[in-house]
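J.:
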Amino acid sequence: MQGVFVNRSALPRYKQIWDVSVVIKYLKSLGENTQLSLQDLTMKTTMLLALVTGQRCQTIQVLNIEQMVKSDDIWSSHINKMLKTSRPGKHFGKIEIKAFTADKVICPVTVLKEYVARTLPLRKNNFQLLLSYQKPHKPVSSENIGKWIKKTLTKAGIDIKVFGAHSTRSASTSAVKVGNMPISMVSHVRQKSTFAFHYNI
1 MQGVFVNRSA LPRYKQIWDV SVVIKYLKSL GENTQLSLQD LTMKTTMLLA LVTGQRCQTI
61 QVLNIEQMVK SDDIWSSHIN KMLKTSRPGK HFGKIEIKAF TADKVICPVT VLKEYVARTL
121 PLRKNNFQLL LSYQKPHKPV SSENIGKWIK KTLTKAGIDI KVFGAHSTRS ASTSAVKVGN
181 MPISMVSHVR QKSTFAFHYN I
């Protein structure tokens with residue numbers, strides 16, 4: 001089975017990246033989390049997950065509320081499914097989503113709590129974290145998540161002809177480097193050397 005894992009030389013995709021503070025400013029402008037429409041709350045939750053975890057849409061898509069360990073400061077989840085980044089004998093591990101107490105409006109844990117509470121009556125037996133904000137509120141695909149991220153980037157003024165949904169990984173890391181995003185908000189680096197190479201740290 002090892003032959004199915006293709007070994008490719010990795011090169012950085014983006015030499016320049018968009019400013020995370022622009023997107024954060026847009027998310028803050030939406031207002032209090034409890035007052036957001038389900039669509040806006042879903043988009044905000046998705047974008048914050050992409051930024052603070054630095055993970056691909058496929059990874060975000062498999063997050064499951066039943067498998068999450070929740071506290072006031074951290075929500076965490078083990079990823080047990082095979083992903084694009086999986087390797088023989090190595091599983092993805094754990095994702096941690098940390099609170100940002102300095103500003104509850106953009107605190108990932110606060111936003112997640114509101115999102116889970118808001119979607120609980122809509123779930124039935126659907127435990128995938130992200131659901132469609134349109135009826136019948138079914139679990140969404142990684143492609144849908146990518147579209148949501150690009151839609152949020154567009155609303156924030158980012159040119160999605162240049163930057164795709166996956167650019168959130170390098171944007172969040174670049175923001176930490178220049179001080180536009182607290183390092184405590186960015187979690188789970190699977191391979192430090194690869195991560196540093198891709199994101200110029």
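Per full-length UniProt numbering, the very first residue in the sequence shown carries number 1; after that it's consecutive. Beta carbons: idealized from backbone N, C-alpha and C, even for Gly.
Name the DSSP beta bridge partners of TRP75, please?
T.: Its beta-bridge partners are LYS70, ILE97.
J.: Chain B beta carbons: is any one of them nearer than 8 Å to that of TYR115?
T.: Here there is only one protein chain, and chain B is not present.
J.: Excluding the 5 residues preceding and the 5 following HIS137 in the sequence, name in chain order all residues of the same chain whose CB lies nearer than 6 Å to its CB.
T.: Here the set comprises LEU122, LEU131.
J.: Leaving out five residues before and five after ILE129 in sequence, what residues of the same chain have Cβ atoms less than 6 Å from its Cβ?
T.: According to the sequence displayed, residue 129 carries Leu and not Ile. Same-chain partners within the cutoff: LEU63, ILE65.
J.: Can you tell me the Cβ-Cβ gap for THR46 and ILE95, rounded? I've got them flagged as a contact below 8 Å.
T.: Going by Cβ atoms, the distance from THR46 to ILE95 rounds to 14 Å, so no, they are not a contact pair.
J.: Do LEU153 and VAL20 have their C-beta atoms closer together than 8 Å?
T.: Against a cut-off of 8 Å, the Cβ pair of VAL20 and LEU153 comes out as no contact.
J.: Given ASP40, which residues of its chain have a CB within under 6 Å of its CB, disregarding the five upstream and five downstream residues?
T.: Closer than 6 Å at Cβ, skipping near neighbours: LEU30.
J.: Between the beta-carbon of ARG118 and the beta-carbon of LEU27, is there less than 8 Å?
T.: No, these two residues do not count as a Cβ contact at 8 Å.
J.: Helix, strand or coil: which one does DSSP assign to PRO136?
T.: Looking at PRO136 - three-state DSSP - the assignment turns out to be coil, as it is neither helix nor strand.
J.: Would you kindly report the start and end of the unbroken alpha helix (DSSP H) that includes ALA102?
T.: From DSSP, ALA102 is part of no alpha helix (DSSP H); its letter is neither H nor E.
J.: If you run the structure through DSSP and keep just helix, strand and coil, what is GLN128?
T.: Looking at GLN128 - three-state DSSP - the assignment turns out to be strand.
J.: Report the residue from THR110, TRP18, THR42 whose alpha carbon sits nearest the alpha carbon of TRP148.
T.: Of the listed residues, the one whose Cα sits closest to TRP148 is THR42.
J.: Applying the criterion that 16 or more other CB atoms from any shown protein chain within 10 Å of the CB defines a buried residue, is LYS44 buried or exposed?
T.: Burial call: buried.
J.: Taking its Cβ as the centre, do 16 or more other Cβ atoms sit within 10 Å of GLY93, making it buried, or is it exposed?
T.: Exposed is the call here.
J.: Taking a contact to mean a Cβ-Cβ separation below 8 Å, would you say TRP75 touches LEU112 in this structure?
T.: Going by C-beta atoms, TRP75 is nearer than 8 Å to LEU112.
J.: If you follow the alpha helix (DSSP H) that ASN144 is part of, which residue opens it and which one closes it?
T.: Start and end: 142-156.
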